[in-house]
Amino acid sequence: MPKTASPAKVAATKGYGAKVVLEGSTYDESWEHAQKISLDTNSTVIHAFDDSHVIAGQGVIGLEIMEELPDVDEIYVPIGGGGLVAGIITAVKEKHPNVKIIGVESSAYPAMKKSLESNSLETVSGNTTIADGISVKTPGKLTFDIVKEKIDKIVTVDDKDIINAMFLLMERSKAVVEPAGAVALAYILKHKPESGKTVVPILCGGNIDMYLLGQIVSKGLSGMGRMLKISVLLKDKPGALKELVDEISSINVNIVEVIHDRLSTDVSAGSAGVTISLETEDQNQSNELINHLQEKDIKFQVIS
């Protein structure tokens, strides 16, 4: 696995009895190292996606979708190396050619999209993304040949879209899906499907470490206007903080955390800096609070 693999994925794999070797910063670098180990130890190496048996196994998902939802119009599938989408597209298009298959990549690693545009395998440099599970620089040759013949479209999403999808899944569906597995839903949430269409986003993978999950919850709340952090400079006198808290409470906003600072060099003598983290119902309530504090002539700065 890459050195960037989530601790949860590494621990789970070890728990199943496997030896885990961390090498490289991307899947491609890890694959090169796995091939070297295979040659040095005369062992068998199984490709994660560019293998006909792996593709066929993942294609069963397509058969299950058609069995349970025969009137489906569109299926959205995450793409990294292309094994999952190649399997699903082969299984579905064989008997249901009118069902549209849309592949979804991270905008940081659009390798399959670039390859289709040039009609040949392309390698992308890649950028930082939370979707490490689909951070593949070069698609598989076998998967590319299948995808280019059958795919209807490939689209991309960025990390912000992915975070919003993961947050919604946790809050509404009580489901924890890793970033790479949430890209299909992320695209649907941002680009609403045509009314009346029956649409299926594939959710796959739950390998995410708890620290990142905590960050995603915070960023999800902030992105939806439900988490607000402000910095206020108060006169250092008894009751000053209470007056500020009372004004915030009058809008029914929940205070999550208060950090009181008198000692920083940027806080003048006779003053106290206060950083307050707030939880609001939505963006409208956040705006209401900001307007209320401005009307009360309270000097503050929105941090996030």
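At position 39 of the sequence shown the residue is numbered 39 (this note's numbering), and the sequence of numbers has no breaks.
Quick reminder that beta carbons are idealized off the backbone N, C-alpha and C, glycines included.
The structure displayed is predicted, hence computed values, not measured ones.
For P201, the enclosing beta strand (DSSP E) starts and ends at 199 to 201. With fewer than 16 other CB atoms across the displayed protein chains lying within 10 angstroms of its CB, G196 is exposed. Counting the other Cβ atoms within 10 Å of the Cβ of L293 gives 16 or more, which makes it buried. For K148, no beta strand (DSSP E) run applies; the uninterrupted alpha helix (DSSP H) run containing it begins and ends at 141 to 150, by DSSP. Two segments are said to touch when three or more pairs of C-beta atoms, one from each, lie closer than 8 Å; by this definition the segment 112 to 126 does not touch the segment 231 to 250. Between S106 and D159, the C-beta gap is smaller than 9 Å, which places the two residues in contact. E67 is classed as exposed because its beta carbon has fewer than 16 other beta carbons within 10 Å across all chains shown.
In the same chain as I75, and ignoring 5 residues on each side of it, the C-beta atoms closer than 6 Å to its own belong to I101, V200, in chain order. When Y16, A18, G17, H33 are compared, the shortest CA-CA separation from G24 is found for H33. D132 sits buried, since 16 or more C-beta atoms from the chains shown fall within 10 Å of its C-beta. The criterion of a C-beta distance shorter than 9 Å is satisfied by Y187 and V155. Comparing alpha-carbon positions, the option among L84, Y27, A18 lying closest to T4 turns out to be Y27.
For M224, there is no enclosing beta strand (DSSP E), as DSSP gives it neither H nor E. Taking C-beta separations shorter than 8 Å and ignoring five residues to either side along the sequence, the partners of A175 in its chain run L169, L203, following chain order. Spatial neighbours of V258 in its own chain (CB-CB distance under 7 Å, excluding positions within 5 residues in sequence) are listed in chain order as V274, I276. Contact between E178 and N207 holds, with the beta-carbon distance rounding to 5 Å and staying under 8 Å. Within the segment 109 to 137, the complete alpha helix (DSSP H) segments at least 4 residues long are 111 to 118, listed from N- to C-terminus.
The DSSP-derived three-state label of F300 is strand. A Cβ-Cβ contact shorter than 9 Å links Y109 with G80. Residue burial annotation: A165 is buried, with at least 16 other C-beta atoms found within 10 angstroms of its C-beta.
Bounds of any alpha helix (DSSP H) do not take in H191, whose DSSP letter is neither H nor E.
Cβ contact annotation for G205 (same chain, cutoff 7 Å, sequence separation greater than five): G133, V177, E178, A180, G181, in chain order. V54 is a Cβ neighbour of G87, given a cutoff of 9 Å.
D261 is bridged by DSSP to G273. Closest by C-alpha distance to E171, out of G220, K153, K190, is G220. In the DSSP annotation of this structure, the continuous segment of the alpha helix (DSSP H) that includes K93 starts and ends at 83 to 95.
Taking 4 residues as the minimum length, the alpha helix (DSSP H) runs contained wholly in the segment 1 to 49 are 7 to 15, 27 to 41, in order along the chain. Taking the Cα positions, S304 is about 39 Å away from V20. Excluding the 5 residues flanking it on each side, Q301 has same chain C-beta neighbours closer than 6 Å at S231, in chain order. By a beta-carbon distance limit of 8 Å, V147 contacts I89. Their separation comes to about 7 Å. Between V157 and V183, the alpha-carbon positions lie close to 7 Å from each other.
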